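For reference, the structure discussed in these notes is given below.
Residue numbers (the numbering used here): 2 to 158.
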């Protein structure tokens, strides 16, 4: 099985190499092996025998290159989901849904909060309970930059 996957992967990469790199619609992906086994947080052995498929982080997180950007989070108001210095993956083509985490321009400040519909309107909610909700009023200026669809975090580096 591994030999067939490797053969397919090499053929796919060869085909990608022939694409016109000047055409923005044809993006060369960065494929990384996705193993079929789960990882126990103990001692284990992992080998190429367990490769389930190959996964492109571009394909997983970047549905529309022109609508996606990265931004670094600061502060702890979105802890524990988002930590200081996390890199947020933001998609500007998506619409907010109740409970979505978004990046906003709120009264002159760029912020990241959870969008919550209440019986009285909308609230920008911090996930960290030590910060109060921001209740949206008619006098507030608010603009959505995009919906947070993922994040990258450096661990132990």
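Ideal Cβ positions, reconstructed from N, Cα and C, are used throughout, including at glycine.
Small disclaimer: the values here were computed from a predicted structure and weren't measured.
Once the 5 residues before and after residue i are set aside, which same chain residues still bring their CB inside 6 Å of it?
i           : result
residue 127 : 78
Around the Cβ of residue i, are there at least 16 other Cβ atoms within 10 angstroms (buried) or fewer (exposed)?
i           : result
residue 63  : buried
residue 138 : exposed
residue 74  : buried
residue 149 : buried
Can you grab the Cα-Cα spacing for the pair residue i / residue j, in whole Å?
i           : j           : result
residue 58  : residue 147 : 19 Å
residue 113 : residue 60  : 24 Å
residue 24  : residue 131 : Residue placement at residue 24 is flagged as unreliable, the pLDDT there being 48, under the threshold of 50; the coordinate-derived value follows with that caveat. Their backbone Cα atoms lie some 48 Å apart in a straight line.
residue 116 : residue 96  : 11 Å
residue 124 : residue 53  : 42 Å
residue 156 : residue 87  : 10 Å
residue 140 : residue 56  : 46 Å
residue 69  : residue 80  : 23 Å
residue 135 : residue 65  : 30 Å
Enumerate in chain order the residues of its own chain whose CB-to-CB distance from residue i is below 7 Å, with the five nearest sequence positions on each side excluded.
i           : result
residue 72  : 89, 91 and 104
residue 154 : 84 and 87
Leaving out five residues before and five after residue i in sequence, what residues of the same chain have Cβ atoms less than 8 Å from its Cβ?
i           : result
residue 109 : 142
With residue i and residue j assumed to form a contact (beta carbons below 8 Å), what rounded beta-carbon distance in angstroms separates them?
i          : j          : result
residue 99 : residue 82 : Contact doesn't hold; Cβ gap of about 16 Å is too wide.
Step through the CB atoms of chain C and report whether any lies within less than 8 Å of the CB of residue i.
i           : result
residue 122 : The structure shown has no chain C; it contains just one protein chain.
> Which runs of the beta strand (DSSP E), 3 residues or longer, sit entirely within the region 75-143?
Replying inline: 88-92, 102-107, 110-119 and 122-126
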